[in-house]
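The structure appears below as structure tokens.
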Amino acid sequence: MGRTEAVIVATARTPMGRYGGQLKDLRPDDLAAIVLQEACDRAHVKPGEVEDVILGCANQAGEDNRNVARMALLLAGFPVEVPGQTVNRLCGSGMQATIAAAREIQAGAADIIVAGGVESMTRAPWVMPKPDSGFPRGPQTVYDTALGWRLV
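For the sequence shown, our numbering begins at 1 and goes up steadily by one.
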């Protein structure tokens, strides 16, 4: 059985920002949508030809939408029939998404996949731990999720 070769035909990215910097007002799904559109334009691929969008994202809460790949592809104007999946391998999430895309192509499951990563540490949500019961009274503690996934 022969293998199908997976190749990268185009790349695109947003500028790198800093915490609280110039990109602070842009949601991660909006940033990803811009990159998806640009990558397709550079590859001369129509969004309807894409068989999957795989994005890595370490912080899948708040604006990162539990499935930021799906939200970003819809924001980018891809047809609703195009699926999207989000993978989380913390700092290696974007690389893992690219590996997953290559494996799908090599297995013959798809021909055209857009893969990459998205993150906005500035816009990572503040979270409140779930209480032991009902709605607690009094002051509550919230945690910044930018650099951690454990509420300690």
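Think of the CB as a built atom: it goes at the ideal place given N, C-alpha and C, for glycine as much as any other residue.
State the Cα-Cα distance for the pair residue i and residue j, rounded to the nearest angstrom.
i: N65; j: D29; result: 8 Å
i: Q96; j: R137; result: 42 Å
i: I105; j: A39; result: 18 Å
i: A101; j: I34; result: 20 Å
i: D132; j: P139; result: 15 Å
i: A58; j: A124; result: 10 Å
i: A6; j: F135; result: 52 Å
i: I112; j: T141; result: 45 Å
i: V50; j: S93; result: 20 Å
i: N88; j: G17; result: 21 Å
i: K130; j: G108; result: 43 Å
Taking all protein chains shown into account, do 16 or more other C-beta atoms lie within 10 angstroms of the C-beta of residue i, making it buried, or fewer, making it exposed?
i: M128; result: exposed
i: R70; result: buried
i: T11; result: exposed
i: I54; result: buried
i: D52; result: buried
i: L90; result: exposed
Report the three-state DSSP secondary structure of residue i (helix, strand or coil).
i: A97; result: helix
i: D144; result: strand
Short of 7 Å in beta carbon distance, which residues of its chain neighbour residue i, apart from the five on each side in sequence? Order them along the chain.
i: I99; result: none
i: V9; result: A43
Give every residue of the same chain whose Cβ lies closer than 8 Å to the Cβ of residue i, excluding the five residues on either side of it in the sequence, and list them in chain order.
i: V80; result: L74
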